Amino acid sequence: MMASVTVYEPSKSLPKRIARRLTPLRGRRIVRFNLDRPIISFSFDDCPKSVVENGLSKLDAHNWKSTIYISSGLLGTINHHGEQMSKTDVITAHTSGHEIGGHSYSHIDLSEIPFSEAMQDIETNRAAFEDMGLPPSRTFAYPFGQTLSRLKTQLASDYDGLRGISSGAMVGRADLNQINSTPLFSGEDFKTLIKQIETLPDNAWLTLFTHDIQNSPTQWGCTPEEIDAVISAVKARGAEVLTIADAIQKLKASS
Ligand SMILES: [Zn+2]
109 MMASVTVYEP SKSLPKRIAR RLTPLRGRRI VRFNLDRPII SFSFDDCPKS VVENGLSKLD
169 AHNWKSTIYI SSGLLGTINH HGEQMSKTDV ITAHTSGHEI GGHSYSHIDL SEIPFSEAMQ
229 DIETNRAAFE DMGLPPSRTF AYPFGQTLSR LKTQLASDYD GLRGISSGAM VGRADLNQIN
289 STPLFSGEDF KTLIKQIETL PDNAWLTLFT HDIQNSPTQW GCTPEEIDAV ISAVKARGAE
349 VLTIADAIQK LKASS
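So, in structure tokens, the structure goes:
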């Protein structure tokens, strides 16, 4: 990790912390489902180039597909997660069946800027996808997991699902306007994650998210060996692996 890089983190002020508790209760789009086998969705955010070799190729080997949330403004840049994907990486991932989801253009905290600016930044990203020849995204992930009830309801008409970063498996029901996602990060919670996958109930949808996948990852990433351990746990549990968009379709069909 490059120690000199300043990394944005959402405000920890009291009003912001209260808002973060209330927003999940507002502007919801609840889907109820009934699965006889759990679904696991892998998602990769932003997205670092190390994901191509250490994430996508490992999933491809099992014929599993992921969702990659792209902020086009980050493509080809270098940040604390290392080198970011190029446009070619994104197009190749799409061609090989991975879902390319929206993540805003400039990867800004959408809850901290005026609503119109937030919508414009999302639109700029949508236009960049079109320039790359990509189809419209079916799902979207809030940068830093931060959102507002107004954004949730506005974006609901544009996307089948909106992913946040509240952790925990969704059992029998999910809010498609703020889909839970559990960190696939190195560190002390990693063992808990493996246990959670191994003991996932049948009627559950678990989405995972991470960033860089490399030796000595950032605190928001993991190692290639950890991805291997997760893949083994998913196989041992017999879960179905689907992109976020395909999982939503399956949930709706099961309800
Ligand atoms: Zn992100």
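Residue 258 in the numbering used here is what sits at position 150 of the sequence shown, and the numbering runs on without skipping anything. C-beta atoms are modelled at their ideal positions from N, C-alpha and C, and glycine is treated no differently. None of these values were measured; they are calculated from a predicted model.
> Any heavy atom of ligand 1 closer than 7 angstroms to the Cβ of Asp102?
Replying inline: Residue 102 lies beyond the residue range present for the chain, which begins at 109 and ends at 363; the question has no answer from this structure.
> Can you find a heavy atom of ligand 1 that lies under 7 angstroms from the Cβ of Pro251?
Replying inline: For the purposes of this step, residue 251 is taken as residue 143 along the sequence shown, with counting starting at 1. Yes.
>> Following a CB-centred definition, is His211 positioned closer than 7 angstroms to any heavy atom of ligand 1?
In response: Looking up residue 211 in the sequence shown gives position 103. Within the cutoff, so yes.
> Taking only runs of the beta strand (DSSP E) that begin and end inside the region 256 to 335, which ones reach a length of at least 3 residues, in chain order?
Replying inline: 269 to 271, 281 to 283, 312 to 318
> Taking the alpha-carbon positions, what's the Leu164 to Arg281 distance?
Replying inline: Walking along the sequence shown from the start, residue 164 turns up at place 56. Walking along the sequence shown from the start, residue 281 turns up at place 173. Their backbone Cα atoms lie some 28 angstroms apart in a straight line.
>> Going by DSSP, what residue range makes up the beta strand (DSSP E) through Phe150?
In response: Locating residue 150 in the sequence shown gives position 42, counting from the first residue. Note, Phe150: beta strand (DSSP E), 147 to 154.
> Can you check whether the CB of Asn288 is closer than 8 angstroms to the CB of Gly104?
Replying inline: Residue 104 is absent from the model: the chain starts at 109 and stops at 363.
>> Assuming Ile147 and Glu348 are in contact, meaning their beta carbons sit under 8 angstroms apart, how far apart are those beta carbons, in whole angstroms?
In response: Here residue 147 refers to the residue found at position 39 when the sequence shown is read from its first residue. Here residue 348 refers to the residue found at position 240 when the sequence shown is read from its first residue. Yes, Ile147 and Glu348 are in contact; Cβ-Cβ is about 5 angstroms, under 8 angstroms.
>> How far does the beta strand (DSSP E) with Ser139 in it extend, from its first residue to its last?
In response: Looking up residue 139 in the sequence shown gives position 31. Ser is not the amino acid found at residue 139; the sequence shown has Val there. Unbroken beta strand (DSSP E) run through Val139: 138 to 140.
>> Within a Cβ cutoff of 8 angstroms, which residues of the same chain sit near Gln254, ignoring the five residues on either side of it in sequence?
In response: Start at 1 with the first residue of the sequence shown, and residue 254 comes out as number 146. Closer than 8 angstroms at Cβ, skipping near neighbours: Pro118, Arg128, Asp217, Leu218, Ser219, Glu220.
> With distances taken between CB atoms, is the gap from Arg134 to Ser257 smaller than 8 angstroms?
Replying inline: Start at 1 with the first residue of the sequence shown, and residue 134 comes out as number 26. Start at 1 with the first residue of the sequence shown, and residue 257 comes out as number 149. Closer than 8 angstroms, so yes.
> Who does Ala249 pair with in a DSSP beta bridge?
Replying inline: Along the sequence shown, read from residue 1 onward, the residue named residue 249 stands at position 141. Partner(s): Arg271.
>> In the DSSP output, which residue or residues are listed as bridge partners for Glu348?
In response: Taking the first residue of the sequence shown as position 1, residue 348 is located at position 240. Ile147, per the DSSP bridge assignment.
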